[in-house]
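Under this note's numbering, the first residue of the sequence shown carries the number 898, and numbering increases by one thereafter.
Even for Gly, the Cβ is constructed at its ideal location relative to N, Cα and C.
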Amino acid sequence: MEGVGVRVLVTGHDGYVGCLLVPLLRHAGHDVVGLDTGLYTGCALGSEPERIPVVGRDIREVEAGELGGIDMVAHLAGISNDPLGDLSPDITYDVNHAGTVHLARAARAAGVTRFVFSSSCSNYGAGGEELLDESAPFNPVTAYGHSKVLAEHDLAELANERFSPVFLRSGTAYGVSPRLRGDLVLNNLTGYAVATGEVLLKSDGSPWRPLVHVEDMARAFVAALEAPRDAVHGEAFNVGSTAENYRVRELGALVERLVPGSRVVFGEGAGPDVRTYRVSCEKLAETLPDARPRHTAPGGIVELRQAFLEHGLTREALEGPRFQRVRRVRELQEEGRLDGGLRWQGLVAAGA
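Structure (structure tokens):
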């Protein structure tokens, strides 16, 4: 296979998905290099992820000469969700769109052959009730979603006979990772259930979300990197399982059932959410059978509950900067360590 035993750059290697992707790639026989600004260094659930060789640069500044010897790129780095994206929409576009295109151009100039981009089902935005496949129109409703749409468009323009972009539109992630995120719906609902006994719904529970376990996301990247070029060149894949589309209230009910002593409650002002989409993931299963998800939401809740109990999760920790991306960024900015453009002030953070 074309992607066996190659040198892979994983951007965002120290993030929620990246710290699981790195060991999977190494186990598969690949040489892995990381690129991460280290915003979440120290924000671990348990032990810190293993350290690997890194390119100590922001994706907005990396140059082709620094990517010499890299065969393929798994591009995960970026503004990771809607709340963080809304903190500064201009920076979201700067990182997720312009930064991604800048990195891709540098990678193409350096001779990288495959560029697997972490896109999102947020591209579909206000997608309604219909089951959406990869040909469905985009309808993003946030800066985060729109930035991913723009990046996909411009990456597609860079494709040629030597440079092959692939677009992995992941559903809403969940599950345990050393860089656990508490701002993802199932992680958040389970965290509140364990820490407080309340399954706190922050909307009316009507929106649809396609769910995918963080480990299955990482496995999809491995499959996309290793697949024959003709199978993935310029292609988009919804990452997840068609059977794992849920309304948020259905997820709340699952958490209530699987976390003993918990009950569903609605947060103050909980109302409709225009972000609602259901997706078909049949193309992924047919084209990349090794990427078929192995996890389901109920199993993820059990896994999360056990991890939260083992680590003594409290409400303060769940809501704090260790597990909430936007609060971590605000903390660093208030301390004067990070500027408004999300660049470090003074010395680069450890792990970057």
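At what residues does the beta strand (DSSP E) containing Pro1195 begin and finish?
Run containing Pro1195: none in the beta strand (DSSP E); it sits in the alpha helix (DSSP H), Ala1194 to Glu1207.
Which residue or residues does DSSP assign as beta-bridge partners of Ser1100?
Per DSSP, the beta-bridge partners of Ser1100 are Gly1168.
Within the continuous alpha helix (DSSP H) that includes Pro920, where are the two ends?
Gly915 to His924 is the span of the alpha helix (DSSP H), which, as asked, contains Pro920.
Ordered list of beta strand (DSSP E) runs contained in the stretch 984-1017, each at least 3 residues:
1011-1017, all fully within the stretch 984-1017.
Using a 10 Å radius around the Cβ and a threshold of 16 neighbouring Cβ atoms, would you call Leu1215 buried or exposed?
Under this definition Leu1215 is a buried residue.
Out of Thr934, Glu1112 and Pro1157, which one is the CA nearest neighbour of Val959?
Checking every option, the nearest Cα to that of Val959 belongs to Thr934.
Just how far apart, CA to CA, sit His1236 and Ala1140?
Sequence check: residue 1236 is Asp here, not His. Between Asp1236 and Ala1140, the C-alpha separation is close to 42 angstroms.
Of the choices Ser1177, Val903, Val1162 and Gly943, whose alpha-carbon is the least far from that of Ala1133?
For the residues Ser1177, Val903, Val1162 and Gly943, the minimum Cα distance to Ala1133 belongs to Ser1177.
Output needed for Asp1028: all residues of its chain with C-beta closer than 8 angstroms, excluding positions within five of it in sequence on either side, in chain order.
A quick correction: the sequence has Leu, not Asp, at residue 1028. The beta carbon of Leu1028 sits closer than 8 angstroms to those of Thr1139, Asn1142, Arg1175, Val1176 and Ser1177, all from its chain and outside the five residues before and after it, given in chain order.
Give every residue of the same chain whose Cβ lies closer than 8 angstroms to the Cβ of Tyr937, excluding the five residues on either side of it in the sequence, and list them in chain order.
So the qualifying residues of the chain are Asp911, Gly912, Arg1076, Arg1222 and Arg1225.
In this structure, how does DSSP classify Val1063 when only helix, strand and coil are distinguished?
Reduced to three states, the DSSP call for Val1063 is strand.
Let me check understanding here. Comparing Cα to Cα, which of Pro980, Gly1024 and Val970 lies closest to Leu1052?
The shortest Cα separation from Leu1052 among Pro980, Gly1024 and Val970 belongs to Val970.
Three-state secondary structure assigned by DSSP to Asp1236
Looking at Asp1236 - three-state DSSP - the assignment turns out to be coil, as it is neither helix nor strand.
Are the stretch 1056-1075 and the stretch 1106-1116 touching, with three or more C-beta to C-beta distances below 8 angstroms?
With a cut-off of 8 angstroms, the stretch 1106-1116 and the stretch 1056-1075 count as touching, because enough Cβ pairs lie within range.
How is the alpha helix (DSSP H) around Glu1153 delimited, first residue to last?
Counting along the chain, the alpha helix (DSSP H) containing Glu1153 begins and ends at Val1145 to Leu1155.
For Ser1032, count neighbouring Cβ atoms within 10 angstroms of its own Cβ and tell me buried if that reaches 16, exposed if not.
So Ser1032 ends up on the exposed side.
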